[in-house]
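Protein chains in written order, with the numbering used here: chain G, 1 to 285; chain C, 1001 to 1285. Here's the structure we're looking at; comments come further down.
There are 2 protein chains.
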Amino acid sequence: MNTKIEKLEHILTAFYQEKQIPAHLSAATVYSLMAGGKRIRPLLFLDLLEGFGLELTSAHYLVAASLEMIHTGSLIHDDLPAMDNDDYRRGKLTNHKKFDEATAILAGDSLFFDPFYVLTSAELPAEKLVKLVQELSFASGSFGMVAGQVLDMDGEGETLSLDQIEQIHRLKTGRLLTFPFVASGIIADKSEGELERLREVGAALGLAFQIRDDILDVTASFEEIGKTPGKDILEEKSTYVALLGLDGAKNQLTEKLSVAKKLLTELGVTDGSDIFKIINQLEVK
Amino acid sequence: MNTKIEKLEHILTAFYQEKQIPAHLSAATVYSLMAGGKRIRPLLFLDLLEGFGLELTSAHYLVAASLEMIHTGSLIHDDLPAMDNDDYRRGKLTNHKKFDEATAILAGDSLFFDPFYVLTSAELPAEKLVKLVQELSFASGSFGMVAGQVLDMDGEGETLSLDQIEQIHRLKTGRLLTFPFVASGIIADKSEGELERLREVGAALGLAFQIRDDILDVTASFEEIGKTPGKDILEEKSTYVALLGLDGAKNQLTEKLSVAKKLLTELGVTDGSDIFKIINQLEVK
């Protein structure tokens, strides 16, 4: 197994094994944190730091952990009966199915607060920590992920344009996917101009993620995606596939991934670095 | 009206009037932010800063606003059907009754993320901002408010001892009430020893708040407390009143308030300052 993932998972589980935390809450948070996530966000962050020539420290792993915590909390809340009402996620029962709804709400809430504690525990200059906190909250709250989720919900049952879909996913998936890029730039002392281009990489990848999801909903089996496929069609969701057709969506995916790789190359990240492997794996044949 | 409250409410509403935030999300957050809260936490913080001889700046108001946002978000989630299932709060419909459950979950989530953005926007030294972020997340997440809510939920239907009740409320109400005290101490450059005593004030007041709530559930009308009274008895909750009787609970309340006032006096806060007025108002005759 990837050593980076091992180290990351050690931080995540060790944090919730802290005696002060009620056992019930630990069990629920760790259940979802260890439910088979591929750790793409933290890996993008760590691989990019390496791509920038930095040696990874435990501080970097704390930043990576904080990002994964928020991502996990958001999945727990997204799956709730009042939201997407999903019973399975990555082939395992969703948090509210394994525990109960109240537990799932509170486990999600903890996974939204605790990352700011974890992040500010990292041994990094205070000025950088302040910027990282601000970027992480910006990416998550009313300017980011939550805003995207609200727009997504508002758009249910309506036929949306490509622009409207992009706006939703730019916020819902894109903002939190932008964090690993901006955060590694902040830590690696990149210029304002470079940070802006790093944001563009994140935005392109965020859309790529969503297009990939829409494609897999049509083409993959339960085993492959760990949840019931075909849900988007049943719920008449406005997806990239519905709007562009399967081939059109695949082309869009390839294009977004190319944009991301081109920008990264321009930023001096070499072709052979791990981050390109992650990006290439997002391609759907 | 209190000028401090006016300034605070201006910050809260101005933040959510930001064009980038979806209108539906703005409406839901502002609804609960402006639903008649007494702003006790931010006032404790601002009054204490003045009690320490500081002149209030806009940075202080941003810290105060971040605290009120988390408090408000926690009320929205506490009221959800899967949690306390309350239809009214402060005499107005709860968020999920006014909007819907999904909106209430997401509005709460936003009110948990955004405060870290607001807090790090405050013009204060980066070292202090890092400490404030860490204290606020500590007070809110798995070491504080959320942990207390989990323990409270776990204890439902069981007869709890006074120690167990105190442990729940020390976390559920106490930790977030401790933040205004520790935060003002950090900003006013208090020593570690003084910060510890400020934590004790917050802990005492946190319990006082809960005892007061338990008393009012028995003695007050819907108009006085803005929600259905007698709910604790109906749900056979372990309350201070159930455990100590009404007079016993009132005595405990007076004692906790005395502890808080004594500690504050020892910390050099003068008797006439506004913070004592707030504390005295918590007394139940």
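Idealized CB from N, CA, C, for every residue including glycine.
Problem set entry | Supposed close pair M1083 of chain C, P1115 of chain C - CB separation, criterion 8 Å | Actually they do not touch by this definition, with Cβ atoms about 21 Å apart.
For this session: With DSSP collapsed to three states, give me the class of L1243 of chain C.
Result: Under the three-state reduction of DSSP output, L1243 of chain C falls in the helix class.
Exercise. When burial is assigned at 16 or more other CB atoms within 10 Å of the CB, is E1009 of chain C buried or exposed?
Worked result: buried
For this session: Could you tell me whether the segment 1141 to 1157 of chain C touches the segment 132 to 144 of chain G, using the rule of 3 or more Cβ pairs below 8 Å?
Result: Because the criterion of three Cβ pairs below 8 Å is not met, the segment 1141 to 1157 of chain C and the segment 132 to 144 of chain G do not touch.
Exercise. Taking just the CA atoms, how far does E236 of chain G sit from S1066 of chain C?
Worked result: 39 Å
For this session: Can you have a look at E1283 of chain C and say buried or exposed, based on whether 16 or more other CB atoms are within 10 angstroms of its CB?
Result: By the neighbour-count rule (16 or more Cβ atoms within 10 Å), E1283 of chain C is not buried but exposed.
For this session: Return the CA-CA distance between K1004 of chain C and G1036 of chain C, expressed in angstroms with no decimal places.
Result: 15 Å
For this session: Return the residue from the list G:S221, G:L216 and G:Y31 that minimises the CA-CA distance to L75 of chain G.
Result: G:Y31
Exercise. If you run the structure through DSSP and keep just helix, strand and coil, what is L1093 of chain C?
Worked result: strand
Exercise. Does the pairing of the segment 1147 to 1154 of chain C with the segment 8 to 23 of chain G give three or more beta-carbon distances under 8 Å?
Worked result: yes
Exercise. Under 7 Å Cβ-Cβ, which residues of chain G neighbour A1126 of chain C?
Worked result: Within 7 Å Cβ-Cβ: A126, E127 and V130.
Exercise. Are any of the Cβ atoms in chain C nearer than 8 Å to that of P180 of chain G?
Worked result: By the rule that beta-carbons nearer than 8 Å mark a contact, P180 of chain G does not touch chain C.
For this session: Take Q1210 of chain C as the anchor and find which of C:G1193, C:I1168 and C:K1231 has the nearest alpha-carbon.
Result: Among C:G1193, C:I1168 and C:K1231, the Cα nearest to that of Q1210 of chain C is on C:I1168.
Exercise. Does the beta-carbon distance from A187 of chain G to L49 of chain G come in below 8 Å?
Worked result: Position check: residue 187 of chain G holds Ile in this sequence, whereas Ala was assumed. Yes. Within cutoff.
Exercise. Nearest to V269 of chain G by alpha carbon, out of G:R197, G:K285 and G:L246?
Worked result: G:R197
For this session: Note the first and the last residue of the continuous alpha helix (DSSP H) segment covering T1057 of chain C.
Result: Here T1057 of chain C belongs to no alpha helix (DSSP H), and DSSP marks it neither H nor E.
For this session: Can you check the segment 126 to 171 of chain G for any alpha helix (DSSP H) of at least 4 residues that lies completely inside it and give the ranges in chain order?
Result: Fully enclosed alpha helix (DSSP H) runs of 4 or longer: 126 to 140, 145 to 154 and 162 to 169.
Exercise. Are the segment 111 to 130 of chain G and the segment 1117 to 1132 of chain C in contact at 8 Å, needing three or more beta carbon pairs?
Worked result: yes
For this session: Check the Cβ of V1150 of chain C against every Cβ in chain G and list those closer than 7 Å, keeping chain order.
Result: P22, H24, L25 and L106
Exercise. Mind checking G157 of chain G: buried by the 16 CB within 10 Å criterion, or exposed?
Worked result: Flag for G157 of chain G reads exposed.
Exercise. Would you call the segment 159 to 175 of chain G and the segment 198 to 208 of chain G in contact, with 3 or more CB pairs under 8 Å?
Worked result: yes
For this session: Whole angstroms is fine: what's the gap from V1241 of chain C's alpha carbon to D1232 of chain C's?
Result: 10 Å
Exercise. When you compare only the Cα positions, how much space is there between H77 of chain G and A104 of chain G?
Worked result: 7 Å
Problem set entry | Option in C:V1130, C:K1190 and C:L1012 with minimal Cα separation from F1052 of chain C | C:K1190
Problem set entry | Within chain A, partners of T1120 of chain C - CB distance below 7 Å | Any reference to chain A falls outside this structure, whose protein chains are G and C.
For this session: Ignore the nearest five residues each way along the sequence and tell me which others in S1110 of chain C's own chain have a CB closer than 8 Å to its CB.
Result: L1025, T1029 and G1073
Exercise. Any C-beta of chain G sitting closer than 8 Å to the C-beta of S1058 of chain C?
Worked result: False, the Cβ-Cβ gap to chain G never drops below 8 Å.
Exercise. Nearest-angstrom Cα distance between Y1088 of chain C and G1230 of chain C?
Worked result: When rounded, the separation of the alpha-carbon atoms in Y1088 of chain C and G1230 of chain C is 14 Å.
Problem set entry | Cβ-based burial, G272 of chain G [other Cβ within 10 Å; buried from 16] | exposed
For this session: Would you mind stating whether I278 of chain G and I40 of chain G have Cβ atoms separated by less than 8 Å?
Result: The answer is yes: Cβ separation under 8 Å.
Exercise. Where DSSP assigns a beta bridge to Y1088 of chain C, which residues make up the other side?
Worked result: C:L1093
Exercise. Relative to the alpha-carbon of V1063 of chain C, which residue among C:G1206, C:L1263, C:R1212 and C:P1180 has its alpha-carbon at the smallest distance?
Worked result: Considering only alpha carbons, the answer is C:P1180.
Problem set entry | Proximal residues, the segment 80 to 101 of chain G versus chain C, C-beta separation under 7 Å | Answer set for the segment 80 to 101 of chain G: L80, A82, M83 and E101.
Problem set entry | Where Y1117 of chain C meets chain G, residues with beta-carbon distance less than 7 Å | Q134, S137, F138 and G141
Exercise. Rounded to whole angstroms, how far is the Cβ of F276 of chain G from the Cβ of K261 of chain G, which I believe are closer than 8 Å?
Worked result: 6 Å
Problem set entry | 7 Å CB neighbourhood of L132 of chain G in its chain, flanking five on each side removed | V63, L119, A183 and I186
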